[in-house]
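According to the numbering used here, the residues represented by the sequence shown are 616 to 1113, in order. A virtual CB, placed ideally from N, CA and C, is assigned to each residue, including glycine.
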Amino acid sequence: MGLLWWGRGLGAAFLRTADNLRVRVAFAAAEAAPFVKVGGLADVAGSLPQAIARLGWDVTLYLPLHGTIDQATWGITGTAPERSVPYGASHVRVAYPSVERDGVRVVFVANRRIGRDRVYGAPDDAKRYAFFCRSVAEAIAQDVPDVVHAHDWHAALLVPMIARRAPTVFTIHNLAYQGQTSAAVLAPLGLASAKLPVEKRGECNPMARAIARADIVSTVSPRYASEILTPEFGEGLDGLLRQRVADVRGIVNGIDTALFDPARDPHIAERYTADDQRGKAACKAALQRQGGLRVDPESPLLGVIGRLVEQKGIDLLTAVAPDLLEGGAQLVVLGTGDPAYEERWAKLRERYPSRLFLTLGFDAVLAQRIYAGCDLFLMPSRFEPCGLGQLISLRYGTIPVVRAVGGLADTVHDLDLHPRDGNGFSFTQYDRAAFSGALARALRALRRGGDAWSALRTRAMREDHSWGPSATAYADVYRLAQERNVRAADGERTPLSY
Ligand code: GLC
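Take a look at the structure:
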């Protein structure tokens, strides 16, 4: 290939060629599909490493061996290498079984302090993930990669632990979860306890520490990258982020286009493509049938998939639902979340059994049928770092109606503002009237149908939301992190102290 990469020497850069040595990146994340999935982080950590590997990098992904990961299914068997991990005054035995998947080495960090039945929500999550970071740091310190890429607060403390030894990139998937805990977690990791200005006395904010220390801080869309610099979206860290603005990047997420593909999806009633969309009507009828709705091609079918929480605009959805259902639309909702909202939706189902198909849970197969079978897909988020649902629905020719915020603003372009290349409908003000207005415009266009609607769908389906361009952007960010790290080692840039 003859491509040149900058590797890191002791304070001085040396050249590495892709021919003689592949550049190595180590990912660390709390969840990754298909092994374990709670939210969008799993989709990204389960497909971005593969996309980076396809660019020629040598990629390792570190994941906690959660109790829910089925070891037999994934072939996580046999004897695994073990290490004695220093942790405070003691040493803890940790095993590192690994598997190979699509060109990526996935290393599971196995210890009973880490592996539980739930990925999140244990009372000692902060300590648990701190120990995960310590174990990953130990493994990579033995064989230092060229770049370390940590995701969200769970892997955040890896950044200060490893920053002197390797260039680091920290990706924010959701700034609302920072992992704040007691500063007592720091000492066993060998980290200084001096506090950051954003921390209260005696507090440790893992996400803030990673933001302060990483060579590059990235987030999952350009719009969210600029939003988080403001008090409205900064979750108290906007000041710190503004200090790092020169090192903040926004790279939009991609999706796994082999998994989400209406031309090959094994779970949908009939397959279809942008050129021949006839199968989509069969998918709609099958979904109506499965949900006990009236099988009617003329009734608009609207989908919602996601956590039923404020971030996702569940209050707006709940407010507009009765009008939509009374107006003749049908709704399919899949997700779990705030119990108060779950209850209100269960009541709506009692009132409108033939118009609302509600599933309070997660079901990947049903999700694909919803993406394929619906006419419109709704995401009125309060904030949205990237959002994947709108990208998947575009791929299935299901037109998104979204609030123009974060990644939704970057990927959905309102048809009325962009008649030639719009791919959905959007609104700006977070209120019921604005959402209803966008819905009314979308429903009018759907009812009018005809060539304009098919052209819209075709455009949506033809868009490229694969990882390709974003993986290349990450590779550039890795090279930038290497450069920055070399300079920091040379004393040109002093990382923010803490
Ligand atoms: C989080 C964000 C979502 C993003 C996902 C993957 O779940 O809320 O917007 O798409 O992470 O980056």
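- For Pro803, the closest of Gly918, Arg749, Gly703 by C-alpha to C-alpha distance is Gly703.
- Counting other Cβ atoms within 10 Å of its Cβ, Ala1070 stays below 16 and is therefore classed as exposed.
- Note that the C-beta distance between Ser996 and Val1027 is not below 8 Å.
- Look at Cys1001: its beta carbon is less than 7 Å from one of the heavy atoms in the ligand GLC.
- Within 7 Å of the C-beta of Leu855 there is not a single heavy atom belonging to the ligand GLC.
- A Cβ-Cβ distance of about 24 Å is found for the pair Phe848 and Ile1007, leaving them out of contact under the 8 Å criterion.
- Note that the C-beta distance between Val734 and Ala825 is not below 8 Å.
- Just measuring C-alpha positions, the residue of His681, Glu850, Leu801, Pro775 sitting nearest Ala827 is Pro775.
- Per DSSP, Pro812 is not a residue of any beta strand (DSSP E), being assigned neither H nor E.
- Looking only at Lys927, Ile870, Thr888, Ser797, the smallest Cα-Cα distance to Asp953 is reached by Lys927.
- According to the DSSP secondary-structure assignment, Arg716 is paired through a beta bridge with Val719.
- Not a single heavy atom of the ligand GLC lies less than 7 Å from the C-beta of Val1092.
- Of Glu850, Val722, Val653, the smallest CA-CA separation from Thr675 is found for Val722.
- Cβ neighbours of Gly921 within its own chain (closer than 7 Å, five residues either side excluded): Lys927, Gly950, Gly1004.
- Counting only residues of its own chain and dropping the five nearest sequence neighbours on each side, Asp1025 has a CB closer than 7 Å to the CB of Ser836, Pro837, Arg838, Val867.
- Distances taken from the Cβ of Gly1052 to the heavy atoms of the ligand GLC include none shorter than 7 Å.
- Distances from the alpha-carbon of Leu1058 to those of Arg1035, Leu1023, Asp938, Thr1073 put Asp938 closest.
- For Ile787, the uninterrupted beta strand (DSSP E) segment begins and ends at 783 to 787.
- Contact between Leu773 and Ala643 holds, since their C-beta atoms are separated by about 5 Å, short of 8 Å.
- Here the alpha carbons of Phe746 and Arg731 stand approximately 13 Å from one another.
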